[in-house]
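K.L.:
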Amino acid sequence: MAKHTSKIELNIELDENKVPEKLHWTAEDGGISNQEAKAMMLSVWDAKAKETLRIDLWTKDMPVDEMKQFFHQTLVEMSNTFQRATQDEKMSATMKDFCDYFAEKLELKEK
1 MAKHTSKIEL NIELDENKVP EKLHWTAEDG GISNQEAKAM MLSVWDAKAK
51 ETLRIDLWTK DMPVDEMKQF FHQTLVEMSN TFQRATQDEK MSATMKDFCD
101 YFAEKLELKE K
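Quick note on the UniProt record's numbering: the sequence shown kicks off at 1 and runs consecutively.
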């Protein structure tokens, strides 16, 4: 039986100093085709080395207020993912409390 393969593609346009100017991504299985983004965070787990490898990129025209929102929303989703992956209700609640604190300190408005 043939296995299904899914591909996510990232395209980054860099300026002469290798600073990202444009980010585009494609995930055909998700219906995304060459969609523009202003920032991205990618984490992969290296099981052999037992460490996280990361790529964090943002375009030079990413506004600081949107970066703060991006971080907050990422933290919220990380706490949701942590809860689904571990079923650790106590730590998930602690993480969500921190997300609330983070949003309050940055004076982020709920959208």
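Every residue, glycine too, gets a C-beta built ideally from N, C-alpha and C.
Give me whichever residues DSSP pairs with Glu51 in a beta bridge.
P.N.:
In DSSP, Glu51 forms a bridge with Asp46.
K.L.:
Return the first residue and the last residue of the alpha helix (DSSP H) that Thr81 is part of.
P.N.:
Where Thr81 is concerned, the enclosing alpha helix (DSSP H) stretches over Val64 to Thr86.
K.L.:
With distance defined between alpha-carbon atoms, name the residue in Ala85, Lys48, Lys38 and Thr5 nearest to Glu66.
P.N.:
Residue Lys38 is the option with its Cα nearest to Glu66.
K.L.:
Compute the beta-carbon to beta-carbon distance between Gln83 and Glu89, rounded to the nearest angstrom, for a pair I have assumed lies under 8 Å.
P.N.:
Contact holds; Cβ gap of about 7 Å.
K.L.:
Within its chain, find whatever has a CB closer than 6 Å to the CB of Leu53; leave out the 5 residues flanking it on each side and keep chain order.
P.N.:
Here the set comprises Val44 and Asp46.
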